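Quick notes on the structure that follows.
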Amino acid sequence: MDIAQIINAIVNLHPWHSTTVHFPIGLTGAAFLFILLARWRRNESLEHAAFFVIALAALSTIVAAITGIRDNLVRFEGTAPYVTVKIFLGITLFLLTTSLAVTRWRKREVLWSPATTVLYLAGFAGSFLLAITLGFLGGVILYGI
Amino acid sequence: MKRSWWRTGPPLKHTQTVPGPTGGQLLRQLVLLALILSIWGGGLFVFLGATTASDTAPLAQVPPTAPPPPATQVATRTPAATTHTPLPASTATVTVSAAPTATFRPTTETTSVPATAVPSPAGDVAVSYQRDVQPIFDQICVKCHGGEEVKEGLSLTTYAEVLAGSNNGPVIVPGDVDNSFLIDQIVKGEMPKRGPKLLPAQIRVITDWVAAGAPDN
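Read top to bottom, the protein sequences are chains S and U.
Numbers 1 to 145, taken from our numbering, label the letters of the first sequence in order.
Numbers 146 to 362, taken from our numbering, label the letters of the second sequence in order.
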């Protein structure tokens, strides 16, 4: 195995999406856990952690989307199964995680305000659900159902 | 303390005494949540309804008699072919993986085949059962049809077994793509039931092979 083979494997051969998708899944899951703990324990540090993690999840969703488009074109000739569903859910996930991060950034008390706490928590739950649904569809593509 | 851009700042004084939402606040948020979900669900329904046809079109419209992709075309299009790193001209071979037209899971197993495959009268490269079709069966199908189990009595491990068909009769009618059950199943995505689905290029190879009369070449 020489360096050219390694580069070729990384650039042309290996799928990237199956690696990068684990970031939004893990980050949205961690954010959901942190926000639940924060609300339960009334802990502002945990709420900060949730904010940072959901912001990172939004960024990682962009990376996952770009690699997903690349893999679809390179490995499936643009005809990967469930591609439209995944695009729709992926866009939703990006918008949701971004909205959560921006909302928290602009309104620091969003978790603690009784008027918004349920919606805010539901947003975290929804983003995690979306991420694992996308992961499930990816599993169906790879391993069938 | 100065508030930083991420607004961590001083601790919120009231977090330890923050009350839960009242009934009215809870109801308002739940209604808003239901509204958002309804709009989103409607959007998903409309989006899927508008795109389902285009989603299935590529598989359903695989031309039964489409010419097999020339070797050079494959080389630029599939990850498998990208492994044909320049070799010394004297070898006159290209390195392709086991499934030459589309490897779903690239392996390091490689075989050398002549760079100049047998051209058809039309100038295209003829599909070879041994070189092109059997590797696809081996990679995708034999786990259930010919490996540890032979479902429905169909084994796809050898040419003779492929033509012999299943318990219900032949699955391939040489030269007749429309009446070949195997083609019907893979085009519709019914098969394989488990594991990775066939890629369009792989379906094309099998279809072309059947259309060419399913030769044992």
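Backbone N, C-alpha and C define an ideal beta-carbon position, used for all residues, glycine too.
None of these values were measured; they are calculated from a predicted model.
If residue i sits next to residue j, beta carbons under 8 Å apart, how far is it from one beta carbon to the other, in whole angstroms?
i                     : j                     : result
residue 327 (chain U) : residue 317 (chain U) : 5 Å
residue 64 (chain S)  : residue 17 (chain S)  : 7 Å
residue 132 (chain S) : residue 80 (chain S)  : In fact, because the Cβ distance is near 19 Å, the residues do not count as touching under 8 Å.
residue 118 (chain S) : residue 175 (chain U) : 7 Å
residue 278 (chain U) : residue 350 (chain U) : 6 Å
residue 93 (chain S)  : residue 127 (chain S) : 6 Å
residue 134 (chain S) : residue 53 (chain S)  : Contact doesn't hold; Cβ gap of about 18 Å is too wide.
residue 122 (chain S) : residue 189 (chain U) : The Cβ separation is near 17 Å, so there is no contact.
Should residue i and residue j be called a contact, given that it needs their Cβ atoms to be closer than 8 Å?
i                     : j                     : result
residue 130 (chain S) : residue 82 (chain S)  : no
residue 291 (chain U) : residue 320 (chain U) : no
residue 57 (chain S)  : residue 46 (chain S)  : no
residue 355 (chain U) : residue 325 (chain U) : yes
residue 345 (chain U) : residue 114 (chain S) : no
residue 84 (chain S)  : residue 192 (chain U) : yes
residue 28 (chain S)  : residue 97 (chain S)  : yes
residue 162 (chain S) : residue 49 (chain S)  : It is not possible to answer for residue 162 (chain S), since the shown part of chain S is limited to 1 through 145.
residue 104 (chain S) : residue 51 (chain S)  : yes
Cutting at 7 Å between CB atoms, please list the residues of its own chain near residue i, excluding the five before and the five after it.
i                     : result
residue 71 (chain S)  : 15, 16 and 17
residue 12 (chain S)  : none
residue 9 (chain S)   : none
residue 299 (chain U) : 290, 310, 311 and 316
Using the Cβ count rule (16 or more neighbours within 10 Å means buried), how would you classify residue i?
i                     : result
residue 305 (chain U) : exposed
residue 102 (chain S) : exposed
residue 333 (chain U) : exposed
residue 143 (chain S) : exposed
residue 172 (chain U) : exposed
residue 331 (chain U) : buried
residue 323 (chain U) : exposed
residue 125 (chain S) : exposed
residue 182 (chain U) : exposed
residue 5 (chain S)   : exposed
residue 353 (chain U) : buried
residue 3 (chain S)   : exposed
residue 224 (chain U) : Any reading at residue 224 (chain U) must be qualified, since the residue scores a pLDDT of 39, below 50, and its modelled position is unreliable; the value itself is stated next. Per the 10 Å Cβ criterion, buried.
residue 139 (chain S) : exposed
residue 169 (chain U) : exposed
residue 25 (chain S)  : buried
residue 112 (chain S) : buried
residue 90 (chain S)  : buried
residue 187 (chain U) : exposed
residue 107 (chain S) : exposed
residue 75 (chain S)  : buried
residue 68 (chain S)  : buried
residue 181 (chain S) : The structure shown does not extend to residue 181 (chain S), since chain S spans only 1 to 145, so no value can be given for it.
residue 184 (chain U) : exposed
residue 348 (chain U) : buried
Could you name the residues of the same chain whose beta carbon sits closer than 6 Å to that of residue i, not counting the 5 residues immediately before and after it, in chain order?
i                     : result
residue 23 (chain S)  : 60
residue 297 (chain U) : 311 and 312
residue 362 (chain U) : 273 and 274
residue 116 (chain S) : 110
residue 62 (chain S)  : none
residue 120 (chain S) : 110 and 111
residue 289 (chain U) : 296
Note down, in chain order, each residue of its chain lying with its Cβ closer than 8 Å to the Cβ of residue i, except the 5 sequence neighbours on either side.
i                     : result
residue 43 (chain S)  : 37
residue 145 (chain S) : none
residue 95 (chain S)  : none
residue 99 (chain S)  : 123
Curious, which full-length alpha helix (DSSP H) runs of at least 4 residues does the segment 304 to 328 of chain U contain?
-> At a cut-off of 4 residues, the continuous stretches assigned as alpha helix (DSSP H) that sit fully inside the segment 304 to 328 of chain U are 304 to 309.
Considering only residues of the segment 16 to 42 of chain S, which uninterrupted alpha helix (DSSP H) runs meet the minimum length of 4 residues and lie entirely inside it, listed in chain order?
-> Complete alpha helix (DSSP H) runs here, min 4: 17 to 20 and 22 to 41.
Enumerated in chain order, which unbroken segments of the alpha helix (DSSP H) with a length of 4 residues or greater are wholly contained in the segment 76 to 136 of chain S?
-> Here the runs fully enclosed are 83 to 106.
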